[in-house]
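Q:
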Amino acid sequence: MFEAKLQQGVIFKKIVDAIKDLVKSVNIDASTSGLSMQAMDSAHVALVSLKLNENGFKDYRCDRPITLGLSIENLSKILKCAGNDDTITLQTDEEEPSSLKFFFENQQASKISEFSLNLMSLDSESLGIPDTDYSSVIQMSSAEFSRICKELSSISETVEIETSKESVKFSVQGDIGAGSITVKNNQSDKDVDRVDLQIDQPVKLTFALRYLNMFNKAVSLSSTVSLNMSEENPLMVEYKIDDLGSLRFYLAPKISD
Amino acid sequence: PDPQKKITDYYKQA
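Top line first, the protein sequences correspond to chains A and B.
Residues in the first sequence are numbered from 1 upward in steps of one, following my numbering.
Residues in the second sequence are numbered from 1001 upward in steps of one, following my numbering.
(1) The beta strand (DSSP E) spanning A/L68 covers which residue range?
(2) Could you check which residue in A/Q108, A/A208, A/S33 has the C-alpha nearest to that of A/I255?
(3) Rounded to the nearest angstrom, what separates A/S42 and A/N27 at their Cα positions?
(4) Going by alpha carbons, who is nearest to A/S156 out of A/S164, A/G177, A/L127?
(5) Suppose the cutoff is 6 Å on Cβ atoms and the five residues either side in sequence are ignored; what does the same chain contact list for A/T182 look like?
(6) Looking at chain B, is there any beta carbon in it that lies within less than 8 Å of the beta carbon of A/A18?
(7) Assuming the contact rule is C-beta atoms closer than 8 Å, A/Q139 and A/T206 should be a hit. Round their C-beta distance to whole Å, please.
(8) Rounded to whole angstroms, what's the CA-CA distance from A/L152 to A/E162? Just pull it up for me.
(9) Checking 8 Å against the spacing of the C-beta atoms, do A/L117 and A/F104 come in under that value?
(10) Given a cut-off of 8 Å, decide if A/I15 and A/L247 are closer than it, judged by their beta-carbon atoms.
(11) In angstroms, rounded to a whole number, what distance separates the CA positions of A/K20 and A/E73?
(12) Check A/G56 in the structure and name its three-state DSSP category.
(13) Below 8 Å on the Cβ atoms is my contact criterion, and I expect A/K58 with A/T32 to pass it. Report the Cβ-Cβ distance as a whole number of Å.
(14) I think A/S71 touches A/M120, with their Cβ atoms under 8 Å apart; what is that distance to the nearest whole Å?
(15) In chain B, which residues lie less than 9 Å from A/K300 when you measure between Cβ atoms?
(16) Looking at the unbroken beta strand (DSSP E) that takes in A/K204, where does it start and where does it end?
(17) So, with DSSP's three-state summary, where would you put A/C149?
(18) Do A/L100 and A/L90 have their C-beta atoms within less than 8 Å of each other?
(19) Return the CA-CA distance between A/I146 and A/E231, expressed in angstroms with no decimal places.
(20) Can you give the beta carbon distance from A/D191 to A/S141, rounded, assuming they're within the 8 Å contact cut?
(21) Is A/A78 close to chain B? Criterion is C-beta to C-beta, closer than 8 Å.
(22) Report yes or no: is there a C-beta of chain B within less than 8 Å of the C-beta of A/V202?
(23) Run through the DSSP bridge pairs and tell me what A/L227 is partnered with.
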């Protein structure tokens, strides 16, 4: 028996919205400790990793580990039928399930919707990601990071991110010209202004803005985002989801000559 | 354009 009930179903809707442009199908692994998922985009440039802890669910039961192979597009179609205030329950009682049941219930418990989604058998492409001590970690407003990436992508396809002890600089160079946005360390009380820089070693790395803009679809999951960088390593962009877990995106850098 | 690395250049199959 597997059953997972989310009090705030809208979080699940937001997670699926955040990844649906990046990945088409995913294996969700359910275990006693919670749900996890890892998937790459078709070009194998970016990777998305989701972890949801059992403690963050209103009810959670998973008697034995199961893998749920899902089409994100089809999952998205079913989740459109859930209201933003609904609870969402995922359920299957089969050992090797061919479908996953969904229950959506509104706050007054006066409306209950029930759907079943056919599951797929997908090859697992799970990569081992070592625990990394990143040499530059930037925590800032997710909306501000999203705005910077969107603005710069009209000038260039790539952005160079350079850190120093005091600031982080986002630079672009395109056919029409060049520019940069520098964001300084700022210990403001307001989330929207706050910028936390933890810089052991400055880094300078270049990334494709197209992917960063896709990651920024997760902006509604968290008011802050953390950018984790080390030279010669993929960027790790993390959105923490309250008590539930985290959504992480990994992006391989561009290599300048 | 700068060459784009792949995520599989850094992380291997688990």
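The beta-carbon is built from N, C-alpha and C at its ideal position, and this holds for glycine as well.
A: The short version:
(1) 66-71
(2) A/A208
(3) 15 Å
(4) A/G177
(5) S167, K169
(6) no
(7) So it is not a contact: roughly 21 Å between Cβ atoms.
(8) 15 Å
(9) no
(10) yes
(11) 7 Å
(12) helix
(13) Not confirmed; about 17 Å, so no contact.
(14) 6 Å
(15) An answer regarding residue 300 of chain A cannot be provided, because it is not within the stretch 1 to 257 covered by chain A.
(16) 204-208
(17) helix
(18) yes
(19) The sequence as given places Ser at residue 146 of chain A; Ile does not occur at that position. Their Cα atoms are separated by approximately 23 Å.
(20) 6 Å
(21) Checking the sequence shown, residue 78 of chain A turns out to be Ile, not Ala. No - not a single Cβ of chain B is within 8 Å of the one on A/I78.
(22) At residue 202 of chain A the sequence reads Pro, which differs from the Val that was named. Judged by the 8 Å Cβ criterion, A/P202 is not in contact with chain B.
(23) A/I138, A/V237
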